[in-house]
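**Student:** Sharing a structure, written as structure tokens. Questions coming.
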Amino acid sequence: MHHIGAMVRGFDQKLDQMKAAGIGVIQSGVIKTVGGAVTKYAYMDTVSTCGIISEIIESKLVGIPVFHNNFMMHVARLTGDIDLIPLRET
Numbered sequence: 001m002h003h004i005g006a007m008v009r010g011f012d013q014k015l016d017q018m019k020a021a022g023i024g025v026i027q028s029g030v031i032k033t034v035g036g037a038v039t040k041y042a043y044m045d046t047v048s049t050c051g052i053i054s055e056i057i058e059s060k061l062v063g064i065p066v067f068h069n070n071f072m073m074h075v076a077r078l079t080g081d082i083d084l085i086p087l088r089e090t
């Protein structure tokens, strides 16, 4: 397993708390979608303390915090953020 992710609220504050605790950032960024969703993420260097990389994630849709689940995948299809994947005939 490469990493484990956790959905959070108050991403910037959580990131600052982790940095203050001496946990380094491996990679971070912001993903903006055509449907209006904004996702902030950061991979944290927790290998020495946890044995694995940790990721914190916060997604908002038009400013409202949302979590990644089946319902939100359907919303993303409606907003054009996710294309429907055609089923392959066997």
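Going by my numbering, the residue at position 81 of the sequence shown is 81; the numbering climbs one at a time, nothing skipped.
Glycine included, C-beta positions come from ideal geometry on N, C-alpha and C.
Comparing C-alpha positions only, which one of Leu78, Ala37, Gly51 and Gly5 sits nearest to Val66?
**Tutor:** Among Leu78, Ala37, Gly51 and Gly5, the Cα nearest to that of Val66 belongs to Ala37.
**Student:** Hey, how far is the Cα of Leu87 from the Cα of Ser48?
**Tutor:** At Leu87, the pLDDT of 48 sits below 50, so the modelled position is not reliable and the matter cannot be decided from this model.
**Student:** What first and last residue would you give for the beta strand (DSSP E) that runs through Ala42?
**Tutor:** Taken as a continuous stretch (DSSP letters only), the beta strand (DSSP E) holding Ala42 covers Ala37 to Met44.
**Student:** Select from Lys40, Ile53 and Ile31 the residue whose C-alpha is nearest the C-alpha of Gly10.
**Tutor:** The residue with the shortest Cα to Cα distance from Gly10 is Lys40.
**Student:** For the alpha helix (DSSP H) containing Val66, list its first residue and its last residue.
**Tutor:** Here Val66 belongs to no alpha helix (DSSP H); instead the beta strand (DSSP E) covers Ile64 to Val66.
**Student:** For the putative contact between Ile23 and Ile53, defined by C-beta atoms under 8 Å, what is the C-beta separation to the nearest angstrom?
**Tutor:** Actually they do not touch by this definition, with Cβ atoms about 11 Å apart.
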